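Take a look at the structure below.
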Amino acid sequence: MISRQAIASFALSDKIKSGLIWASAACDQAAGFDGLARQGAVAVAENLLSMVLNETVLVRQASGNADWDEAVRLMDKARVMIRSGVPAEASFHLTRALGVVTGIGRQAGEALRQQGLL
């Protein structure tokens with residue numbers, strides 16, 4: 008992993024991980040509501056996930072690291088679940104995306120340590 012990829016991936020992986028945790032919590036809460044409250048909670052979860060997804064696409068472009076594509080794919084699946092009205096099912100995909108992002112951050116951190124940049 009070259010320095011540019013590692014720096015961008017390491018810098019934004021924690022931000023994306025926290026966003027995924029928030030989105031997962033929002034999905035779980037939305038599943039517990041009924042009626043208008045559920046509609047509002049689903050909209051919040053979808054908007055939050057869209058923001059995290061946009062950041063992920065941005066870091067993919069900035070870093071040139073293709074490993075981010077798997078995280079984007081999993082977040083897209085979660086967004087489909089939310090839009091389909093089953094936000095509780097989105098948590099599974101968000102948890103898998105969290106694991107992917109954690110791995111990317113760990114690899115980037117190790118690459119920066121090996122290069123003496125961290």
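Going left to right, the sequence shown walks through residues 8 to 125 as the working numbering numbers them. Ideal placement from N, C-alpha and C gives every residue a C-beta, glycine not left out. All figures in this text were calculated on a predicted structure; none of them were measured in a lab.
Is the beta carbon of residue j closer than 8 Å to that of residue i?
| i | j | result |
| --- | --- | --- |
| A118 | A13 | yes |
| D76 | R67 | yes |
| I23 | E62 | yes |
| F17 | A115 | yes |
| L65 | M82 | no |
| A15 | A37 | no |
| L124 | S10 | yes |
| A104 | D35 | no |
| L27 | V93 | no |
Span of the alpha helix (DSSP H) holding residue i?
| i | result |
| --- | --- |
| D83 | W75 to R90 |
| V64 | G42 to S70 |
| V93 | Premise fails: V93 is in no alpha helix (DSSP H) and is neither H nor E. |
| G26 | S10 to A38 |
If residue i sits next to residue j, beta carbons under 8 Å apart, how far is it from one beta carbon to the other, in whole angstroms?
| i | j | result |
| --- | --- | --- |
| S98 | S31 | 5 Å |
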